[in-house]
Amino acid sequence: MQPVDSHLFLFVGAALFSIGLAVVVVKRHAIVVLMGIELMLNAVNINLVAFSQYDPDRLQGQMLALFVMVVAAAESAVALAIVLQVYRHFRTAQLDELNELKQ
């Protein structure tokens, strides 16, 4: 079994990050924006693990990726709770229609 080159992981990470960034910029639904942010965090994790193969004695890349996953899970829980409260108050999850907070 041949090892996979790290540049392939970097291409996948760059593609995932680009897709996530495009989703955050283009979409206006709050849940979809959160999904785009999660895509970007997963792309960062792929890059961390890909770069950590160059230092096999230390597990810093894997530990940092694990920390990013824990922070992403906490961020998702808090963001989903905020989105649910905003939906209860405004009856919409479209970010363009939330204009009362601007005043």
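For reference, each letter of the sequence shown is one residue, going 188 to 290 in our numbering.
Glycine included, each C-beta is placed from N, C-alpha and C at the ideal position.
Any idea what DSSP makes of GLN281, helix, strand or coil?
-> strand
Rank ASP192, GLN189, MET222 by C-alpha distance to the C-alpha of LEU203 and give the top, closest one.
-> MET222
Tell me whether ASN234 is buried or exposed, calling it buried when 16 or more other Cβ atoms sit within 10 Å of its Cβ.
-> buried
Taking the alpha-carbon positions, what's the LEU282 to ILE206 distance?
-> 19 Å
Endpoints, alpha helix (DSSP H) assigned at ASN234 | 217 to 239
Among ALA264, VAL210, GLN249, LEU271, which has the Cα closest to the Cα of MET227?
-> VAL210
Which value, in whole angstroms, describes the spacing of the CA atoms of ALA252 and VAL191?
-> 19 Å
What's the gap between the Cα of ARG275 and the Cα of ASN229?
-> 30 Å
Would you kindly check if the distance between the Cβ of GLU225 and the Cβ of SER263 is under 8 Å?
-> yes
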